[in-house]
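From first to last, the protein sequence lines stand for chains A and B. The first sequence begins at 1 in UniProt numbering and counts up one residue at a time. The second sequence begins at 1 in UniProt numbering and counts up one residue at a time. Just so you know, even glycine gets a beta-carbon here, dropped at the ideal spot from N, CA and C.
There are 2 protein chains.
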Amino acid sequence: MAEDRLIYLPLGGAGEIGMNCYVYGYGAPDAERLIVVDLGVAFPDMETSPGVDLIFADIAWLAERADRIDGIFITHAHEDHVGAVGHLWSRLRAPVYARRFTAHHARRKMEEQGQDPENVRIAGIWPETVEAGPFTVGFLPVSHSIPESSSLVIETKAGRIIHTGDFKIDVAPGVGEPFDRALWTEAAKPGVKALVCDSTNVFSRHEGRSESTVGPEIQRLVAEQTGMVVATTFASNVARVRTLAEAGVASGRSVCLLGRAMRRMIEASVETNVLSDFPTTVSPEEARDIPRDHLMLIVTGSQGERRAASAQLSRGKYLGLSMDEGDTFLFSSKTIPGNEKGVIRIMNAFSEMGVDIIDDDNGRYHVSGHANRPDLATMHELVAPQIVIPMHGEHRHLREHVKLASASGRTGVLAPNGTCVSLSGNKPEIVEFVETGRTYLDGAVQIGALDGVVRDRIRMALNGHVVVTMILDEEDAPLGDPWVELVGLPETGRSGSSLTDVMEADLGQFLQRANDKTLLDDAKLDEGLRRVARQTALDEIGRKPEVTVVVSRLS
Amino acid sequence: MAEDRLIYLPLGGAGEIGMNCYVYGYGAPDAERLIVVDLGVAFPDMETSPGVDLIFADIAWLAERADRIDGIFITHAHEDHVGAVGHLWSRLRAPVYARRFTAHHARRKMEEQGQDPENVRIAGIWPETVEAGPFTVGFLPVSHSIPESSSLVIETKAGRIIHTGDFKIDVAPGVGEPFDRALWTEAAKPGVKALVCDSTNVFSRHEGRSESTVGPEIQRLVAEQTGMVVATTFASNVARVRTLAEAGVASGRSVCLLGRAMRRMIEASVETNVLSDFPTTVSPEEARDIPRDHLMLIVTGSQGERRAASAQLSRGKYLGLSMDEGDTFLFSSKTIPGNEKGVIRIMNAFSEMGVDIIDDDNGRYHVSGHANRPDLATMHELVAPQIVIPMHGEHRHLREHVKLASASGRTGVLAPNGTCVSLSGNKPEIVEFVETGRTYLDGAVQIGALDGVVRDRIRMALNGHVVVTMILDEEDAPLGDPWVELVGLPETGRSGSSLTDVMEADLGQFLQRANDKTLLDDAKLDEGLRRVARQTALDEIGRKPEVTVVVSRLS
Chain A
1 MAEDRLIYLP LGGAGEIGMN CYVYGYGAPD AERLIVVDLG VAFPDMETSP GVDLIFADIA
61 WLAERADRID GIFITHAHED HVGAVGHLWS RLRAPVYARR FTAHHARRKM EEQGQDPENV
121 RIAGIWPETV EAGPFTVGFL PVSHSIPESS SLVIETKAGR IIHTGDFKID VAPGVGEPFD
181 RALWTEAAKP GVKALVCDST NVFSRHEGRS ESTVGPEIQR LVAEQTGMVV ATTFASNVAR
241 VRTLAEAGVA SGRSVCLLGR AMRRMIEASV ETNVLSDFPT TVSPEEARDI PRDHLMLIVT
301 GSQGERRAAS AQLSRGKYLG LSMDEGDTFL FSSKTIPGNE KGVIRIMNAF SEMGVDIIDD
361 DNGRYHVSGH ANRPDLATMH ELVAPQIVIP MHGEHRHLRE HVKLASASGR TGVLAPNGTC
421 VSLSGNKPEI VEFVETGRTY LDGAVQIGAL DGVVRDRIRM ALNGHVVVTM ILDEEDAPLG
481 DPWVELVGLP ETGRSGSSLT DVMEADLGQF LQRANDKTLL DDAKLDEGLR RVARQTALDE
541 IGRKPEVTVV VSRLS
Chain B
1 MAEDRLIYLP LGGAGEIGMN CYVYGYGAPD AERLIVVDLG VAFPDMETSP GVDLIFADIA
61 WLAERADRID GIFITHAHED HVGAVGHLWS RLRAPVYARR FTAHHARRKM EEQGQDPENV
121 RIAGIWPETV EAGPFTVGFL PVSHSIPESS SLVIETKAGR IIHTGDFKID VAPGVGEPFD
181 RALWTEAAKP GVKALVCDST NVFSRHEGRS ESTVGPEIQR LVAEQTGMVV ATTFASNVAR
241 VRTLAEAGVA SGRSVCLLGR AMRRMIEASV ETNVLSDFPT TVSPEEARDI PRDHLMLIVT
301 GSQGERRAAS AQLSRGKYLG LSMDEGDTFL FSSKTIPGNE KGVIRIMNAF SEMGVDIIDD
361 DNGRYHVSGH ANRPDLATMH ELVAPQIVIP MHGEHRHLRE HVKLASASGR TGVLAPNGTC
421 VSLSGNKPEI VEFVETGRTY LDGAVQIGAL DGVVRDRIRM ALNGHVVVTM ILDEEDAPLG
481 DPWVELVGLP ETGRSGSSLT DVMEADLGQF LQRANDKTLL DDAKLDEGLR RVARQTALDE
541 IGRKPEVTVV VSRLS
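Written out as structure tokens, the structure reads:
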């Protein structure tokens, strides 16, 4: 029998920022018992995934081995770590472990998808541990930008792994546990085989700043404003939301939370005892009657999301509240790459209303939740692992993080999604490449990213769509002329005539010339009509559209 | 008769960065003689304009008054200032004036669209002037990021206007004229009524840096590399391209230009005497035989454009050249908002090849071509106009620029696209709002942005497309069952059956129940079938698709 081995396999998150899903295994090769760390989502965009609702890691590999999974561990409640748990759980069916605040969110997500929330179990903090097959797992508190974030201390017969999850080193994070160096030193003490480590900010050169540094800046800013102040941040950054609310109160303003996610997060924080001292808020109804200079709104939509409160306000009234000349809008957030245009759209709409916009151009009103390059080096040093495996990053982040590890003489492993690494031997070894990919939640259906569904949508968006219909009579002769319907195409082209008319005429001519061999063969007919339609479009409007041909035979 | 007046009317560029098109008029109200400054393009994106090739300002207002246009003046050869000249000229038919290098590009654009390039006339530099109806216009050299950029000195009976075009204040721009303070002082001396001024960088707090500062940094960087060096920048930034080439030569490398725009720009520069000392280059064929550490490629595609040389290299071989582990890729450019994802895609592809990527995160290898906030203040001071009218910016830029002008006691006018401002009286007065908008070049056809064509494409991309066809016999009874074709939709939904089958069954049932009133009425039938198809899709796959219904009647 082959010797037991310890493996690491990222299925998502090691090739993108988002969609986190990591697997650890221990046991005989190809019969390892498994645990899963995080089941997150990524978000679609118009360019690559129009119409898609959410993106998950393709967990086919895991699902085929569901009987070997001893537990699913969620490090924290950000969507890219917990967002897929409700959607994917039924294919894995293992207990889900998380700390109280995270579990609160995981349970809601299970319920929303019709799964029993009791499958989510609340875990204490390290040195308390959870036994999951051959793994003993402890939740080691770490600072990030959401309460109760945790790293995982994963103990196996082949050694200890520390999986950081998302983190920064912040000794004054506002809400939640400060980074506890003593506890971390303790966790690292027995020797750590591998540090599997967040890479998001590896390109940020300067030491990260504490959440506590933004408070005074925000207080000062809010106090200076003479109109209404509206501020947005990530709803899950509970510490920041509180800081904003406190700044409102300190300047004599009533505070109103706008946007479902914002209220939900604060409620969850209070319910799970993460937060006990949030300022009193007023409802939108009450807010309407408060003078603008005594009012502060804290709203969702820092990324320009079209349905969030900030976008609604930028389009006019929202719940009876609206912005006006002399008001101030603060982005206490950074714009995630890809969201720039949506954010800029909102800024310009506010500008047209005469609202002053303050963003984070200088880092005064926002700090990142991830460890910057020097902080990553500090973490390497603190944990002093044999191996550093960068995760949570695009390929360029992982690669740079490996370089950083190597620079201080550590073994770094570049393991993008699908790379199965054995950690048992004296040095890490890539033992297999597993097929990975993306699953799209498309309305109510999960489809593969490469199924062709989304590709067809993109093609229609880029090229327009022509529908050609025709009828063949009982003798397989054309009955009347072909019909053309255009969707997403100009009505008139170079000739000045209707594109429909020109195309129908060209298709009619083609049918007149078509012999029986063509008329009797559906594929040939389809192909011929399609070719003519595309050529006519090219001549008339300079592009080849997508074409759907429907031939009805009365025979 | 009403008194003559001087008007300013932006049709594009005062509401976006790009698509510049400004109008000045002088004469009796509503009978002013007109000149046009710049005819530029904006670029489409998948989110708002999928499939579109180029975006122009809607020039309907101008085209209706074409007989009153005395000249079209192009400030410089960037696409957002000259790109539409070939496409729109036939609707305006006035002489086009530009300096030699700009005229070279404008003429090519005229030729490409089948217009006589001789309509583009070459102008000298101020104090030489062009007479255009009641306007006397001089091209005042100014530094920017393309050769021969010019501001315009526009002399009228109602006073002098200086229209900056795009500019920075750079006394050592590398290629082209340094900013000549004495000349500018001279131009401003008689007193300036209005400064119409670039606003792009109004949010950049620090004084701008000279093009000459990047040379030494790039030299140092290139000299340090041991593999092949590939650098990208905007092809039109001829000074930068030369700086990159010189850095290659200085480190003993042969230089090869890749990408049509890159070669075209350098050729145009040499042809028009803008550039006389560009290093000798090698062809891609020659480059293949040169050892990597002796080779430098300068390539197009700094914005991640999918067809440009950098994207091609990121996907593998391009013209027989490819990148490899140990090579370096330098972005000597900034990423324009909206292009982040494309650029990041390329970076990660290079990362997978083991290529080191250096971008402009610290401003070491790139400087902007636009005047920053303090430089704008310097310009205001130098020209000392009665009025400052910010242009070339989104609304937020224009508004901020007005604030900047006001802060030093000047009259600033916020005039977004369509705002017609009279400059004749003692103070500026908004006299009219003109309808403005965007025209899409879609293949070979110009369509209005609001024509619905692109809206239909976006809907198909977001929702998928169902085609329903059915035949009614001579008695208007359904002949056989309706047919369904799905494009961009999942094949299977909640029931586990084929969505096509379920939908065809539901549509068939609807027809069985339909009475003559429905069957005889095309609109009713269409509406009914559409409603059923959408409801079935909602039940099965959780979304309502676009539906095209084609009913054929044999009667």
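query	result
Proximity to B/R534 [Cα-Cα], best of B/D170, B/H465 and B/E491	B/H465
Contact check, A/F329 vs A/D360, beta carbons under 9 Å	no
8 Å Cβ cut-off: residues of chain B touching A/A461	M46, P50, G51, R457, I458, M460 and A461
Residues bridged to B/N372 [DSSP beta-bridge criterion]	B/N201
Which listed residue (A/G259, A/A231, A/S422 and A/Q219) has its alpha carbon closest to that of A/G252	A/Q219
Expected contact under 8 Å - CB spacing of A/G138 and A/P127 to nearest Å	6 Å
C-alpha gap between B/M503 and B/R263, whole angstroms	55 Å
Check whether A/C197 and A/H401 have beta carbons under 9 Å apart	yes
Straight-line gap, B/L423 to B/E64 (C-alpha atoms, nearest Å)	23 Å
First and last residue of the uninterrupted alpha helix (DSSP H) at A/Q219	V214 to E224
Which of helix, strand or coil DSSP assigns to A/I344	helix
Span of the beta strand (DSSP E), counted from its first residue to its last, around B/Q446	V445 to G448
Closer than 9 Å at the beta carbon, the chain B residues around A/K341	D45, E47, T48, P337 and G338
Runs of beta strand (DSSP E) lying entirely within the region 39-116 of chain A, each at least 3 residues, in chain order	54-57, 69-73 and 96-98
Limits of the unbroken beta strand (DSSP E) element including B/Q438	Per the sequence presented here, residue 438 of chain B reads as Arg, with Gln not at that position. First-last of the beta strand (DSSP E) with B/R438: R438 to D442.
Contact set for B/V229: own chain, Cβ-Cβ below 6 Å, skip 5 residues either direction	V222, M296 and T328
Residues bridged to B/H395 (per DSSP)	Its beta-bridge partners do not exist; DSSP assigns none.
Cα-Cα separation, A/D166 to B/E546	41 Å
Where A/S322 falls: helix, strand or coil (DSSP)	coil
Own chain, CB closer than 8 Å to B/L11, minus 5 neighbours either side, in chain order	C21, Y22, V23, A57, D58, I59, W61, L62, N417, G418, V434 and T436
Distance CB(B/A537)-CB(B/L507) smaller than 9 Å	no
Option in A/W483, A/M265, A/L34 and A/P44 with minimal Cα separation from A/R108	A/M265
Residue from A/I471, A/V453 and A/L511 with nearest C-alpha to B/T492	A/V453
Local conformation of A/P178 per DSSP, three classes	coil
CA nearest to the CA of B/G480, picked from B/T411, B/L472 and B/L462	B/L472
9 Å Cβ cutoff met for B/E112 and B/G133	no
Distance between A/V445 and B/A523 (C-alpha atoms, nearest Å)	32 Å
Spatial neighbours of A/E177 in its chain, beta-carbon cut-off 6 Å, leaving aside the 5 residues before and after	P141
Chain A contact residues for B/H366, given Cβ-Cβ distances below 7 Å	Those within 7 Å of B/H366 in chain A number zero; the least Cβ separation is about 16 Å.
DSSP state of B/H294 mapped onto helix, strand, coil	helix
Anticipated Cβ contact below 8 Å, A/I7 with A/V431, distance rounded	7 Å
Alpha-carbon to alpha-carbon, A/L54 and A/A42	6 Å
Cutoff 9 Å: B/W483 Cβ touching any chain A Cβ	yes
Sequence ranges, beta strand (DSSP E) only - wholly within the region 492-554 of chain B, length at least 3	546-553
A/D456, enclosing alpha helix (DSSP H) - first and last residue	V453 to N463
Contact belief for B/E101 with B/T378 at Cβ below 8 Å, rounded distance in angstroms	Per the sequence presented here, residue 101 of chain B reads as Phe, with Glu not at that position. The pair is not a contact, with the Cβ atoms about 26 Å apart (cut-off 8 Å).
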